[in-house]
Every structure is written in structure tokens, then in C-alpha cells.
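Peer 1: Sharing a structure here in C-alpha cells format.
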Amino acid sequence: MKENDFKVDNRKSAFSRAFQTDLESFDYYYKQDPDRGRRFSLGMTPFTGSYASSLALYPFQDLQPGALIVDVGGGSGHVSSEIAKANPKLKFIVQDLEGPILLGRSTYKDSGLPIEWQIHNAFHPQPVMGADVYFMRRVLHDHSDAIGANILKMICEAMDQKSRILIEDMIAPDLHGEDSEWFINHADIVMMMMHNAKERTLGQWESLIKAADERLSIAKVWKAQGDRKGDCAIIEVSLGP
């Protein structure tokens, strides 16, 4: 951090120094070390089960039949596939970089699930206009505020009035010292080491969303029953006039 003059640059993280690269960790995985990138994508699949299921957090079954969910940064599609199995009348587009998308196509090619696969960089303009839902699970915590706001801005420009952004991520409690949550502290340090990023409190999520576009606002925060401090939640974001 001192060498980087305490500036937030995802290409100058502890990961970047350890691997002697100027690439951000995901770019390194998929451009310079694809075998490691593939292991990372595979590793994220069982990791999904360590958090409350997306299905337990949000009533996807209440969406209209044929509603389109765009899974931005959806990796190999492990989360969308579970939602699709429970809600086969919905439609899904999983977006990510080439490596995880090719893995997803191979993994689920015979599944019969209503999923399309699209190579897309979330930092670029969102190509799917007016989707019912733009879904991001454990994506924005990998990025600094500036980069996260840009990702949200790209989505906002594709939204219409019916569209919603669903952000599934941790909401860090406003606790410090001995009252803080050890797992949140651990995850926060990992995000800093890997990406120069962080876990966010609800207030920090609100600031990030407004930084992307003043028209965006939090409509509701969905939590599982028996939610503990720091558990994953789904932040539902709507677009105002």
C-alpha cells in the first residue's frame, strides 16, 4: 500500500506483487495463467454453497413467466443453473469473460436449462437492453468504488423502468473492535489483498449505487430468515425517472 502511495489501483494489489504482474487478478487468471483461472472458476462452484442460497433470499418464483435475468459476471453459470432448475419458466443470459463462459457451455450443454451464454466484459456497455433483472452475485465486492460504480453505470444505461438490479453480496455490520464480525474482517482483508477492494456496509452500498447514477436507489434489502450479521443479502435496486 505504501509503495502505491495508498492509492486504490486493482493492478497494484498484494496479489499483483506476489505474482509479479501488472494485471488485475482476474485478468491474470484468464490471460496469463488460464489453468489457474479454470481452477478458480471450478472452485467457485462449491464455494457457492457456503452462503445462503440465492433462492432463499429472493422470490424469483414471483417473476413473470419468460422474465429475463442477466447474470453479470456469472462465471460458469453455477448460480443461474440452480435458479433455473427451480424456475424453468424464466430465461437467463450468463455473462462473463471467455474462460468461464466456455467452461459453462461445456458443463451445462446437455442440461436443457433455459440459459444462454454471452462473452462480455462488465466494464463495457451492457449489450442486453431492458432485461427484467440484472443479477450480480459476489461481483462488486471484488472491485473498488470507482470500478464498481462504472459496472453499475453500464447496467443502468441498459435498464428501463421495469428493470431491477439484484446485488447479492455481504452487508458488513457497522461494528468495530471486539464487536466486529471475524468473518467479515477476514473477507475484507482478502478483498484488499486480491483486488484492493472491500466488503461494504449498507451505507457504503448506498453511496456506491448513487455514485453510479443518481436515479438509482435501493428498493429493498432481502435477507434470509435467521440472518446473522454479515450474511449475504440481496440488494434490490430500481431506476427512478
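Counting in the working numbering, the sequence shown runs from -19 upward without gaps.
Note that the Cβ used here is the ideal one computed from N, Cα and C, for glycine as well.
In this text, all values refer to a predicted model and were calculated from it rather than measured experimentally.
What are the residues that DSSP puts in a beta bridge with Tyr114?
Peer 2: Answer by DSSP bridge pairing, in chain order: Val50, Ile145.
Peer 1: Using 8 Å as the Cβ pair cut-off and three pairs as the minimum, do the stretch 115 to 123 and the stretch 44 to 63 touch?
Peer 2: Segments in contact, yes.
Peer 1: Do you know how far the Cα of Ala111 is from the Cα of Ile131?
Peer 2: The straight-line gap from Cα to Cα measures roughly 16 Å.
Peer 1: Tell me whether Val59 sits in a helix, a strand or coil according to DSSP, three-state version.
Peer 2: Looking at Val59 - three-state DSSP - the assignment turns out to be helix.
Peer 1: Exposed or buried, Ala32, counting other C-beta atoms within 10 Å across all chains shown (16 or more means buried)?
Peer 2: Its pLDDT being 48, under 50, Ala32 is placed unreliably by the model, and nothing is read from it.
Peer 1: At what residues does the beta strand (DSSP E) containing Leu196 begin and finish?
Peer 2: Per DSSP, Leu196 belongs to the beta strand (DSSP E) from 196 to 202.
Peer 1: Taking the DSSP output, what are the residues bridged to Lys71?
Peer 2: BP columns for Lys71 point to Leu48.
Peer 1: Near Gly128, what residues of its chain come up, given a Cβ to Cβ distance below 7 Å and the 5 sequence neighbours on each side ignored?
Peer 2: Around Gly128: Leu120, Leu188.
Peer 1: In terms of alpha-carbon separation, which member of Asn101, Ala152, Ser124, Asp149 lies closest to Ile135?
Peer 2: Looking at the Cα atoms, Asn101 is the closest of the given residues.
Peer 1: Whole angstroms are fine: how far does the CA of Pro221 sit from the CA of Lys65?
Peer 2: Going from the Cα of Lys65 to the Cα of Pro221 covers about 35 Å.
Peer 1: Using a 10 Å radius around the Cβ and a threshold of 16 neighbouring Cβ atoms, would you call Glu194 buried or exposed?
Peer 2: Per the 10 Å Cβ criterion, exposed.
Peer 1: Starting from Ala213 and walking both ways along the beta strand (DSSP E), at which residues does that stretch end?
Peer 2: It spans 212 to 219 - the beta strand (DSSP E) in which Ala213 sits, taken as one unbroken run.
Peer 1: Helix, strand or coil: which one does DSSP assign to Met139?
Peer 2: It is coil, neither helix nor strand.
Peer 1: Run the proximity test for Ile215: is its beta-carbon closer than 8 Å to any non-hydrogen atom belonging to the ligand SAH?
Peer 2: The model depicted lacks the ligand SAH and carries no ligand whatsoever.
Peer 1: For Ser218, which residues of its own chain have a beta-carbon under 7 Å away from its beta-carbon, when the five flanking residues on both sides are left out?
Peer 2: If we look at Ser218 and ignore the five residues flanking it on each side, its Cβ neighbours are Arg144, Ser197, Ala199.
Peer 1: Is Gln106 helix, strand or coil by DSSP?
Peer 2: Here Gln106 sits in coil by DSSP.
Peer 1: Could you pull the start and end residues of the beta strand (DSSP E) that Glu96 belongs to?
Peer 2: Taken as a continuous stretch (DSSP letters only), the beta strand (DSSP E) holding Glu96 covers 95 to 99.
Peer 1: So, at 8 Å on beta carbons, what are the nonlocal neighbours of Thr181 in its own chain, with the 5 sequence-adjacent residues on each side left out?
Peer 2: For Thr181, where only same-chain residues beyond five positions count, the Cβ hits under 8 Å are Ile151, Ala152, Pro153, Asp154.
Peer 1: Does Asp122 come out as helix, strand or coil in the three-state DSSP assignment?
Peer 2: Helix.
Peer 1: DSSP three-state call for Asp193: helix, strand or coil?
Peer 2: Three-state DSSP puts Asp193 in coil, outside helix and strand.
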